[in-house]
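Just so you know, the sequences run in chain order A and B. Residue numbering for the first sequence follows the working numbering, beginning at 1418 and increasing consecutively. Residue numbering for the second sequence follows the working numbering, beginning at -6 and increasing consecutively. A quick write-up on the structure given underneath.
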Amino acid sequence: MLISKQKPLEEILSYLEGDKNIFLIGCKGCAEGWESGGEKQVAEMKSTLQEKGKTITGSVVVDMLCDSVLTKLKLRAYKKEIAAADSIMVLTDGAGVQTVAELVNKVVHPGCNTLSSGGAHAEWKEAERCLECGDCVLEFTGGLCPIARCSKHLLNGPCGGSQGGKCEVDPNIPCVWQQIVDRLAKLGQLDKLERLVTPKNWSVSLISGPPVKSLS
Amino acid sequence: MKTKSNLERVIESKIFAVTGELGPPQSADPEVIRRKAKILKGYVDACNVTDGQTAVVRMASWAACLIAKEEGLDPIVQMTCRDRNRIALQMDVLGIAALGINNMLCLTGDHQKFGNHPTAKGVYDLDSIQLVKMVKDMRDEKKFQCGEAMAVEPRLFIGAAENPFADPFEFRAPRLAKKVAAGADFIQTQIVYNVDKFAEWMKMVRDKGLHERVKILAGVAPIKSVGAARYMKTRVPGMDVPDGVVARLQGVPKEQVSKEGIKLCIDIINQVREIEGVAGIHLMAIEWEEAVPEMIEAAGLLPRPKFVA
Chain A
1418 MLISKQKPLE EILSYLEGDK NIFLIGCKGC AEGWESGGEK QVAEMKSTLQ
1468 EKGKTITGSV VVDMLCDSVL TKLKLRAYKK EIAAADSIMV LTDGAGVQTV
1518 AELVNKVVHP GCNTLSSGGA HAEWKEAERC LECGDCVLEF TGGLCPIARC
1568 SKHLLNGPCG GSQGGKCEVD PNIPCVWQQI VDRLAKLGQL DKLERLVTPK
1618 NWSVSLISGP PVKSLS
Chain B
-6 MKTKSNLERV IESKIFAVTG ELGPPQSADP EVIRRKAKIL KGYVDACNVT
44 DGQTAVVRMA SWAACLIAKE EGLDPIVQMT CRDRNRIALQ MDVLGIAALG
94 INNMLCLTGD HQKFGNHPTA KGVYDLDSIQ LVKMVKDMRD EKKFQCGEAM
144 AVEPRLFIGA AENPFADPFE FRAPRLAKKV AAGADFIQTQ IVYNVDKFAE
194 WMKMVRDKGL HERVKILAGV APIKSVGAAR YMKTRVPGMD VPDGVVARLQ
244 GVPKEQVSKE GIKLCIDIIN QVREIEGVAG IHLMAIEWEE AVPEMIEAAG
294 LLPRPKFVA
């Protein structure tokens, strides 16, 4: 169970600046349970964004967004709506956002912060996808998480040890910053990496925050 | 002048700069530092003092810097994000500036996995670019990272490292631009053995006009043996040692390899000097400080300028 909470609307709107047509995705698993991106929240977000002048090209709530096989099947039915969108807003935890980023060649915005896994991880068997840092940065990294997947948690990577697409710490680990650069290049968004990412707020993470996080 | 740094004076005078490197001991012995500093004095404009390089526990960089300064060097304190969060980093910045150290090199740091305490918890609260920005704001805005003001600012000449040989290659110059935007005054590069690739990177740097906004010192280092060359080629992350370099060392009798390694390094110094936008060299003769004087002399870089602080 991944516990997530919607980001403040202001932050969500700042991500969507310059984008007119949005496709919305939610999740019937954890995000439904935590009321951050279930059926109801996706419907609410749809009308909020419409009020703010956005066009919603379509929306879908997937049973388990972190299951990439299931999500791939489900998104197939929305090819047209996704193609018509400038970008995709995903209302769930970091694992779900990364599933969509891996499947779709569009900019993917995280609409939630992941607060905790509640002790269990999502459907990614091969690697950690979300470290429940509570301050999701996927907006700036092409939908690939440098907190969970970079050995040094770099926000302004890659470091000098990235070679041949691998991490210097272990040649079996892909360098996520190479993947981030590749993905943003493919999306024509390399300029996103020119921005200096400021020091992270670690007080909302399980690593250095209070041992029990509240949703309030 | 932003600081009292000798290195800044040399660079601002448009003199081709030379920095050296000094590794503190894995002990509390100050004599190791004094001995190395005495060799380097008069041959380098400033000298890096490493901060737990390769994540091995050694004497703290700032402490070794003080000893090196007593010996007449202008030390560059190295500081990594591996072992300190933003609170500790800022406390150390204030401390080193108060102790009269003029230069600081901001690094993310070698991962703890490579050192002699691989089970340690890495910190990485900031990355090197965020560290550069934080020190710049402390110096120029008199502000802590949290935004609070301070009375007396740390006057440090701010450096950062860059590896032209790491991947993705096409992103290395844009990443350098981020370091410049964050506030780096000078850059020291990874050791150059592949001069062609370095020249290609410098072209990308010039195309962005970065060589005019930051002073770039090319990293160079002599190789002592064929084994060392092979080791660097295959085992050290982020190093690019072309086959020709290994072959050149293999091509001489065994007792002449170290001499050839020095010659090779001098050749590289002469080559990088010709590349537009290279403002100096950073000579890393790690545990081979004795080689520095003859190399600097043979490269025609003597005498080093003298400034009255």
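For glycine and all other residues, C-beta sits at the position ideal for the given N, C-alpha and C.
Starting from the beta carbon of residue i, find every residue of chain B whose beta carbon is closer than 9 angstroms, and list them in chain order.
i: LYS1569 of chain A; result: CYS74, ARG75, THR101, GLY102, HIS104, GLY115, TYR117, ASP120
i: GLN1606 of chain A; result: By Cβ distance, chain B contributes nothing, its closest Cβ being about 13 angstroms from GLN1606 of chain A, past 9 angstroms.
i: GLU1611 of chain A; result: PRO167, ALA170, LYS171, ALA174
For residue i and residue j, which I take to be in contact (beta-carbon distance under 8 angstroms), what is that distance rounded to the nearest angstrom?
i: SER1658 of chain A; j: CYS1529 of chain A; result: Outside the shown range of chain A (1418 to 1633) lies residue 1658 of chain A, about which nothing can therefore be said.
i: PHE9 of chain B; j: LEU294 of chain B; result: 7 angstroms
i: LEU1571 of chain A; j: GLN1515 of chain A; result: No, LEU1571 of chain A and GLN1515 of chain A are not in contact; Cβ-Cβ is about 17 angstroms, not under 8 angstroms.
i: ILE262 of chain B; j: VAL213 of chain B; result: 6 angstroms
i: GLY1578 of chain A; j: PRO23 of chain B; result: GLY1578 of chain A to PRO23 of chain B, Cβ: 32 angstroms. No contact.
i: ASN1522 of chain A; j: LYS1603 of chain A; result: 6 angstroms
i: PRO298 of chain B; j: VAL3 of chain B; result: 6 angstroms
i: MET303 of chain B; j: VAL86 of chain B; result: An answer regarding residue 303 of chain B cannot be provided, because it is not within the stretch -6 to 302 covered by chain B.
Pull up the distance between the alpha-carbon of residue i and that of residue j, whole angstroms please.
i: ALA153 of chain B; j: GLY1551 of chain A; result: 30 angstroms
i: LYS172 of chain B; j: GLY13 of chain B; result: 22 angstroms
i: VAL128 of chain B; j: PRO235 of chain B; result: 37 angstroms
i: SER(-2) of chain B; j: GLU280 of chain B; result: 25 angstroms
i: THR101 of chain B; j: SER121 of chain B; result: 5 angstroms
i: GLU1498 of chain A; j: LYS1609 of chain A; result: 25 angstroms
i: GLN94 of chain B; j: CYS58 of chain B; result: It should be noted that the sequence gives Ile, not Gln, for residue 94 of chain B. If you take the alpha carbons of ILE94 of chain B and CYS58 of chain B, they lie about 7 angstroms apart.
i: PRO157 of chain B; j: ASP189 of chain B; result: 11 angstroms
i: LYS208 of chain B; j: LEU1613 of chain A; result: 20 angstroms
i: ASN187 of chain B; j: MET232 of chain B; result: 9 angstroms
i: GLN249 of chain B; j: ILE216 of chain B; result: 12 angstroms
i: ILE180 of chain B; j: LYS247 of chain B; result: 35 angstroms
i: GLN1606 of chain A; j: VAL1525 of chain A; result: 12 angstroms
i: GLY1513 of chain A; j: ALA1502 of chain A; result: 19 angstroms
i: PHE1557 of chain A; j: ILE1590 of chain A; result: 21 angstroms
i: CYS1567 of chain A; j: TRP1594 of chain A; result: 7 angstroms
i: LYS1437 of chain A; j: SER1625 of chain A; result: 38 angstroms
i: ILE184 of chain B; j: ASN96 of chain B; result: 20 angstroms
i: LYS1424 of chain A; j: THR1474 of chain A; result: 22 angstroms
i: TRP1451 of chain A; j: GLY140 of chain B; result: 35 angstroms
i: GLU205 of chain B; j: LEU276 of chain B; result: 22 angstroms
What residues of chain A sit near residue i, judged by a beta carbon separation below 8 angstroms?
i: LYS304 of chain B; result: Outside the shown range of chain B, which is -6 to 302, sits residue 304 of chain B, and nothing can be said about it.
Where does the unbroken alpha helix (DSSP H) through residue i begin, and where does it stop?
i: CYS1444 of chain A; result: Where CYS1444 of chain A is concerned, there is no enclosing alpha helix (DSSP H), although the beta strand (DSSP E) it sits in stretches over 1438 to 1444.
i: CYS258 of chain B; result: 250 to 266
i: MET(-6) of chain B; result: No alpha helix (DSSP H) holds MET(-6) of chain B; DSSP gives it neither H nor E.
i: GLY88 of chain B; result: 79 to 91
i: ALA170 of chain B; result: 165 to 175
i: LYS129 of chain B; result: 121 to 133
Assuming residue i is part of the beta strand (DSSP E), what are its boundary residues?
i: THR1531 of chain A; result: 1529 to 1533
i: GLN181 of chain B; result: 179 to 184
i: LYS208 of chain B; result: 208 to 213
i: ALA154 of chain B; result: 150 to 155
i: ALA272 of chain B; result: 271 to 276
i: ASN1589 of chain A; result: 1587 to 1591
i: ASN(-1) of chain B; result: That residue, ASN(-1) of chain B, is in no beta strand (DSSP E); its alpha helix (DSSP H) goes -1 to 5.
Which bits of chain B does residue i rub up against, with CB to CB less than 7 angstroms?
i: ASN1573 of chain A; result: ASP120, ILE122, GLN123, LYS171
i: GLN1595 of chain A; result: ASP160, PRO161
i: VAL1477 of chain A; result: Those within 7 angstroms of VAL1477 of chain A in chain B number zero; the least Cβ separation is about 34 angstroms.
Closer than 7 angstroms by beta-carbon distance: list the chain A residues that pair up with residue i, in chain order.
i: GLY231 of chain B; result: GLY1577, GLY1578, GLN1580, GLU1585
i: ASN156 of chain B; result: GLY1577
Residue i touches chain B at which residues, Cβ-Cβ below 8 angstroms?
i: PRO1616 of chain A; result: ARG79, ASP118, LEU119, GLN123, MET127, GLN138
>> With a threshold of 8 angstroms, are at least 3 pairs of Cβ atoms found where one atom belongs to the region 241 to 254 of chain B and the other to the region 218 to 225 of chain B?
In response: yes
> Using 8 angstroms as the Cβ pair cut-off and three pairs as the minimum, do the region 190 to 198 of chain B and the region 104 to 117 of chain B touch?
Replying inline: no
> Do the region 33 to 45 of chain B and the region 54 to 70 of chain B make contact, defined as three or more Cβ pairs closer than 8 angstroms?
Replying inline: yes
>> Check whether the region 236 to 250 of chain B and the region 267 to 274 of chain B touch, using three or more Cβ-Cβ pairs below 8 angstroms as the test.
In response: no
>> For the structure I just gave you, are there three or more beta carbon pairs, one from the region 1557 to 1568 of chain A and one from the region 1480 to 1500 of chain A, closer than 8 angstroms?
In response: no
> Taking contact to mean at least 3 C-beta pairs separated by less than 8 angstroms, is the region 170 to 188 of chain B in contact with the region 23 to 38 of chain B?
Replying inline: no
> Does the region 1581 to 1600 of chain A come within contact of the region 150 to 169 of chain B, defined as at least 3 CB pairs closer than 8 angstroms?
Replying inline: yes
>> Is it the case that the region 1494 to 1508 of chain A contacts the region 1463 to 1479 of chain A, given that we only count it when at least three CB pairs across the two stretches are under 8 angstroms?
In response: yes
> On the three-pair Cβ rule with 8 angstroms, is the region 1516 to 1525 of chain A touching the region 1463 to 1471 of chain A?
Replying inline: no
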